[in-house]
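Novice: In the UniProt record's numbering, the protein residues as written are 1 to 522.
Have a look at this one:
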């Protein structure tokens, strides 16, 4: 053991049996968590504690700093004899050089958050990654730090994926409190600085999960399109990347009669000089396209025959029909706007389902949940009335609960869990009710749908408003439904330097917004 003469600051090695706890220590809760205990068990005490001698012989010392380290070290042994023999590094202070009250000031300076700053999650991940890069096995890193092997693996993966561009974006945004899950997502898009910027902006607004889903969907769509383009080219099909590139006379094949009088298909129309494709307005799968005829009249294709209404004033019915079509066309929203809204709606749906699954997986339910479940069962609105054991809804209940047999799980569930399981059934009814992508739309073209879109939108409004009440972060397209207004969010664009007031966008009529006005483009 080192000499214990009382110089102002001397490093020695002491046994725990020599160290006495400071009775005036202000910390009452030592918070000996599992990670800290495992680390001490694996490493011992690495950072020296601070003590002052209690006698001239150097046999006893009073602890000034390091109560958690000493307590954790004692917890690694089973008997007092073993605990007393544990060795810890220590700095010995000269009590004659300390002024009255200095003990308490030291405790404050050592432990108060205003005076010390812990590592961020990214900095911790960098440290763990650094150890692995230096040659240490991940299992050993886990042992020495008290972390699980999975935690170390995730941290190492995150540190590797978050590149310098993303780190620069974090520094520029002053965002240092992100957890590993969020950082891992940013690393996923490290090759796309614009996506990282959008994700950070969404995180600041509480819409991170939505934006993550949107970015992933967008990336999947772009990959799919890269595969579809050469297939169309090989088949001799012209592709309009932007639907606006289609001539005004173009009509979708779904609106035209085929040779046999049935609906026109891409196969039956393939030899037409006007055969053309553009990316689907509401794709079922990434990379889907819609087929058009660029000039149906010119190439002899006609819409399905319908009985024309008689003109009320005996005038020219064909002229009236032309005027009606022109008016309807002018009032329809742009295809680009509809595609952006559909995309935002689908991304929101996926993010919402993930949030619901997490909520339903909890042990306790938010307080408003039971009242909402009861009210819906009593009033039996259309989404609930449509339940009747529908197969699609049953499958969604399984997805949201994570149980293949939810009814069997209910037999042994706690009252709180039963409330959540009942809520899962309601969630499935509302989610299936609003599964039509056009639910977000308020334009006349969408409202004229046979899907009773206005009623569906009202049910969606009730549902989304309640989810917002219990903590779900509504995306812009969902907020528009909850507020019963047209979806046309416009975020400030740094490229706009004309000084125009962004609030002018609020006066835009239904359908006038473009894809650049959508949340996804913010």
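Where is the CB? At the ideal position from N, CA and C, for every residue including glycine.
Look at the alpha carbon of residue 108 and the alpha carbon of residue 101, and state the distance between them as a whole number of angstroms.
Specialist: Their Cα atoms are separated by approximately 11 Å.
Novice: CB-CB under 8 Å to residue 515, same chain, minus the five flanking residues each way: which ones, in chain order?
Specialist: Residue confidence is low: residue 515 scores 35 on pLDDT, short of 50, so the model does not pin down where it sits. Its coordinate-derived value is still stated next. For residue 515, where only same-chain residues beyond five positions count, the Cβ hits under 8 Å are 336, 337, 339, 340 and 521.
Novice: Could you tell me the distance, in whole angstroms, from the CA atom of residue 252 to the CA atom of residue 441?
Specialist: Going by the C-alpha atoms only, they are around 20 Å apart.
Novice: If I follow the unbroken alpha helix (DSSP H) through residue 376, where does it start and stop?
Specialist: It spans 368–379 - the alpha helix (DSSP H) in which residue 376 sits, taken as one unbroken run.
Novice: Three Cβ pairs or more, each shorter than 8 Å: is that satisfied between the segment 176–186 and the segment 70–78?
Specialist: Contact fails: fewer than three Cβ-Cβ distances are below 8 Å.
Novice: Quick check: the Cα distance between residue 19 and residue 33, rounded to an integer number of angstroms?
Specialist: Computed Cα separation, rounded: 22 Å.
Novice: Going by C-alpha to C-alpha distance, which of 271, 159, 367 and 398 sits closest to residue 123?
Specialist: The candidate whose alpha carbon is nearest that of residue 123 is 159.
Novice: Residue 523 to residue 190, Cα distance in whole Å?
Specialist: Within the shown structure, residues of the chain are numbered from 1 to 522, placing residue 523 beyond reach of any answer.
Novice: So residue 104 packs on residue 72, CB below 8 Å; how close in whole Å?
Specialist: In fact, because the Cβ distance is near 23 Å, the residues do not count as touching under 8 Å.
Novice: Here's the rule I'm using: 16 or more other beta-carbon atoms within 10 Å means buried, otherwise exposed. How should residue 31 be labelled?
Specialist: Flag for residue 31 reads exposed.
Novice: Just how far apart, CA to CA, sit residue 328 and residue 165?
Specialist: The predicted model places residue 328 with a pLDDT of 47, which falls under 50 and marks its position as unreliable; any figure quoted below should be read in that light. Going by the C-alpha atoms only, they are around 48 Å apart.
Novice: Quick check: does the Cβ of residue 248 come within less than 7 Å of any heavy atom belonging to the ligand FMN?
Specialist: For the structure depicted, the ligand FMN is absent and the ligand set is empty, with no information on it obtainable.
Novice: Run through the DSSP bridge pairs and tell me what residue 257 is partnered with.
Specialist: Its beta-bridge partners are 263.
Novice: Label residue 38 either buried or exposed according to how many other C-beta atoms from any shown protein chain fall within 10 Å of its C-beta, with 16 as the threshold for buried.
Specialist: Its Cβ being crowded by 16 or more others within 10 Å, residue 38 is buried.
Novice: For the pair the segment 203–215 and the segment 468–477, tell me if three or more CB-CB distances fall below 8 Å.
Specialist: Cβ pair count under 8 Å is three or more, so yes.
Novice: Between residue 237 and residue 275, how many whole angstroms is the CB-CB distance? I'm expecting something under 8 Å.
Specialist: That pair is a contact at about 6 Å.
Novice: How far does the beta strand (DSSP E) with residue 460 in it extend, from its first residue to its last?
Specialist: Per DSSP, residue 460 belongs to no beta strand (DSSP E); it is in the alpha helix (DSSP H), 453–469.
Novice: How many Å lie between residue 385 and residue 415 at the Cα?
Specialist: Each residue's Cα considered, the two are about 25 Å apart.
Novice: Taking the alpha helix (DSSP H) that residue 416 falls in, what are its first and last residues?
Specialist: Residue 416 -> alpha helix (DSSP H) spans 415–433.
Novice: What residue range does the alpha helix (DSSP H) around residue 132 cover?
Specialist: Residue 132 -> alpha helix (DSSP H) spans 121–133.
Novice: Here's the rule: buried if 16 or more other CB atoms are within 10 angstroms of the residue's CB, otherwise exposed. What is residue 302?
Specialist: Counting Cβ neighbours within 10 Å, residue 302 comes out exposed, since fewer than 16 surround it.
Novice: With a 10 Å radius around its C-beta and 16 neighbouring C-beta atoms as the bar for buried, classify residue 249 as buried or exposed.
Specialist: With fewer than 16 Cβ atoms within 10 Å of its Cβ, residue 249 is classed as exposed.
Novice: Quick one: using the 10 Å Cβ neighbour count with 16 as the cut-off for buried, is residue 136 buried or exposed?
Specialist: So residue 136 ends up on the exposed side.
Novice: Threshold first: 4 residues or longer. Then list the alpha helix (DSSP H) segments lying entirely within the segment 72–100, N to C.
Specialist: The segment 72–100 contains these whole alpha helix (DSSP H) runs: 80–84.
Novice: Have a look at 96, 54, 17 and 23 and flag the residue whose alpha-carbon is nearest the alpha-carbon of residue 81.
Specialist: The shortest Cα separation from residue 81 among 96, 54, 17 and 23 belongs to 17.
Novice: Using C-beta distances below 7 Å, list every residue in its chain close to residue 131, excluding the 5 sequence neighbours before and after it, in chain order.
Specialist: Result list for residue 131: 141, in chain order.
Novice: Are the Cβ atoms of residue 370 and residue 419 separated by less than 8 Å?
Specialist: In this structure, residue 419 lies closer than 8 Å to residue 370 by Cβ.
Novice: Please report the distance separating the alpha-carbon of residue 455 from that of residue 349.
Specialist: Computed Cα separation, rounded: 19 Å.
Novice: How many angstroms separate the CA atom of residue 525 from the CA atom of residue 472?
Specialist: For the chain, the structure presents residues 1 to 522; residue 525 sits outside this window and is missing.
Novice: Give the straight-line distance between the Cα atoms of residue 255 and residue 262, rounded to the nearest whole angstrom.
Specialist: Taking the straight line from one Cα to the other gives about 11 Å.
Novice: With distance defined between alpha-carbon atoms, name the residue in 24, 377, 69 and 52 nearest to residue 44.
Specialist: The shortest C-alpha separation from residue 44 is found at 69.
Novice: Is residue 86 near residue 11, with beta carbons less than 8 Å apart?
Specialist: Their beta carbons are not under 8 Å apart, which means residue 86 does not touch residue 11 by this criterion.
Novice: Taking the continuous alpha helix (DSSP H) assigned at residue 214, which residues delimit it?
Specialist: Here the alpha helix (DSSP H) through residue 214 covers 208–234.
Novice: Just checking: is the beta-carbon of residue 454 within a distance shorter than 8 Å of some beta-carbon in chain D?
Specialist: As a matter of chain content, chain D is missing from the structure shown, which is built from one protein chain.
Novice: Report the residue from 462, 163, 50 and 298 whose alpha carbon sits nearest the alpha carbon of residue 63.
Specialist: Measuring from the Cα of residue 63, the nearest candidate turns out to be 50.
Novice: Note the first and the last residue of the continuous alpha helix (DSSP H) segment covering residue 351.
Specialist: Where residue 351 is concerned, the enclosing alpha helix (DSSP H) stretches over 335–360.
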